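Q: Residue numbers (the working numbering): 36 to 253.
Right, dumping it as structure tokens:
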């Protein structure tokens with residue numbers, strides 16, 4: 036699986052990998068990527084089934100994590116900071132739990148907590164889509180019936196981790212997100228009351244919060 040990607044910033048700067056949400060692609064991070072390109076080597080892949088990456092028809096958080104690990108291997112990056120939104124956040128923390136040595140720090144923006152979410156079964160909209168529709172029901176099924184081991188995954192992640200919650204306008208259970216944040220040994224929780232799309236709705240505040248975290252994460 037060769038993921039399409041965008042890259043910006045100094046190739047010698049600390050690497051920062053941005054992982055987008057379900058049904059989106061790497062362009063969702065354009066404003067954030069431009070902000071951090073001044074201090075980081077920013078890499079923004081399109082996850083499998085999204086954007087310009089292949090649409091293989093088979094999807095899961097684990098497969099996406101394997102793709103991302105192969106992607107950073109191909110870029111020659113032994114370690115990187117990962118920022119993931121929603122789907123990308125779950126991919127990031129599951130990857131960190133399995134390959135902790137590859138992650139220097141984590142930012143999880145509105146990552147669904149690994150508890151049954153009771154999301155409705157998605158119905159395909161008419162017309163062409165910018166992603167493979169098969170990815171959406173496959174991921175929703177995992178969110179509604181997550182592997183019980185996922186709840187233990189944060190306890191294995193020793194790197195500094197920032198969980199950004201979207202507050203009462205988000206469709207995700209904020210109390211469970213706070214519980215998840217507390218399970219990371221070096222976890223922090225920050226709420227930006229912007230709903231699920233924090234980095235898109237409040238980009239300046241999002242970047243400031245992330246920048247402050249990264250400056251103290253070591």
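Backbone N, C-alpha and C define an ideal beta-carbon position, used for all residues, glycine too.
If you're wondering where the values come from, they're calculated on a predicted model, not measured in any experiment.
Tell me whether the stretch 181-197 and the stretch 207-226 touch, counting them as touching only if at least three CB pairs, one residue from each stretch, are closer than 8 angstroms.
A: In short, these stretches touch, since the Cβ pair count reaches three.
Q: I need the straight-line Cα distance from residue 52 to residue 116, nearest angstrom please.
A: What you label residue 52 is simply residue 17 of the chain shown in a count that begins at 1. What you label residue 116 is simply residue 81 of the chain shown in a count that begins at 1. Roughly 6 angstroms between the two C-alpha positions.
Q: Relative to the C-alpha of residue 56, which residue among 214, 233, 250, 229 is closest?
A: The sequence position of residue 56 within the chain shown is 21, counting from 1. Looking at the Cα atoms, 233 is the closest of the given residues.
Q: By the 10 Å Cβ neighbour count, where 16 or more other Cβ atoms means buried, how is residue 231 classified, buried or exposed?
A: As a first step, residue 231 is located in the chain shown; it is residue number 196 there, counting from the start. Buried, since its Cβ has 16 or more Cβ neighbours within 10 Å.
Q: Could you tell me the boundaries of the beta strand (DSSP E) in which residue 53 lies?
A: One-based indexing of the chain shown puts residue 53 at position 18. Residue 53 -> beta strand (DSSP E) spans 50-54.
Q: Among residues of its own chain, excluding the 5 on either side of residue 227, which ones have a beta-carbon nearer than 8 angstroms to its beta-carbon?
A: Translated into positions along the chain shown, residue 227 becomes position 192. So the list reads 199, 200, 201, 202, 233, 237, 240, 241, 244, once near-sequence residues are dropped.
Q: Going by beta carbon distance, what residues of the same chain come within less than 8 angstroms of residue 266, once the five residues before and after it are set aside?
A: Coverage of the chain is limited to positions 36 through 253, which leaves residue 266 absent and any answer about it impossible.
Q: Quick one: grab the DSSP three-state call for residue 174.
A: Locating residue 174 in the chain shown gives position 139, where the first residue counts as 1. Residue 174 falls in the helix class under three-state DSSP.
Q: Okay, do the stretch 145-152 and the stretch 176-190 touch, 3+ Cβ pairs below 8 angstroms being the bar?
A: Enough Cβ pairs lie closer than 8 angstroms, so yes.
Q: Do residue 235 and residue 63 come within 8 angstroms of each other at the CB atom, strictly closer than that value?
A: As a working note, residue 63 is residue 28 in the chain shown. As a working note, residue 235 is residue 200 in the chain shown. In this structure, residue 235 lies closer than 8 angstroms to residue 63 by Cβ.
Q: Does the structure place the stretch 166-177 close enough to the stretch 134-144 that three or more beta carbon pairs sit under 8 angstroms?
A: No contact exists between the stretch 134-144 and the stretch 166-177.
Q: Using the Cα positions of residue 47 and residue 76, report the straight-line distance between them to the nearest angstrom.
A: The residue labelled residue 47 in the question sits at position 12 within the chain shown. The residue labelled residue 76 in the question sits at position 41 within the chain shown. Taking the straight line joining both Cα atoms gives about 7 angstroms.
Q: Using the three-state DSSP reduction, which class does residue 237 fall into: helix, strand or coil?
A: Sequence index remark: in the chain shown, residue 237 carries index 202 (1-based). The answer is coil: DSSP assigns residue 237 none of H, G, I, E or B.
Q: Please look up how many angstroms separate the CB atoms of residue 129 and residue 109, rounded, as I've assumed it's under 8 angstroms.
A: For the purposes of this step, residue 129 is taken as residue 94 along the chain shown, with counting starting at 1. For the purposes of this step, residue 109 is taken as residue 74 along the chain shown, with counting starting at 1. Contact flag wrong, Cβ pair sits at about 20 angstroms.
Q: What residue does the beta strand (DSSP E) around residue 169 start on, and which one ends it?
A: Here residue 169 is taken as the residue at index 134 of the chain shown, counted from 1. Residue 169 -> no beta strand (DSSP E), and no H or E assigned at all.
Q: Leaving aside the five residues before and after residue 73 along the sequence, list all residues of the same chain whose C-beta is less than 8 angstroms from its C-beta, in chain order.
A: Along the chain shown, read from residue 1 onward, the residue named residue 73 stands at position 38. If we look at residue 73 and ignore the five residues flanking it on each side, its Cβ neighbours are 44.
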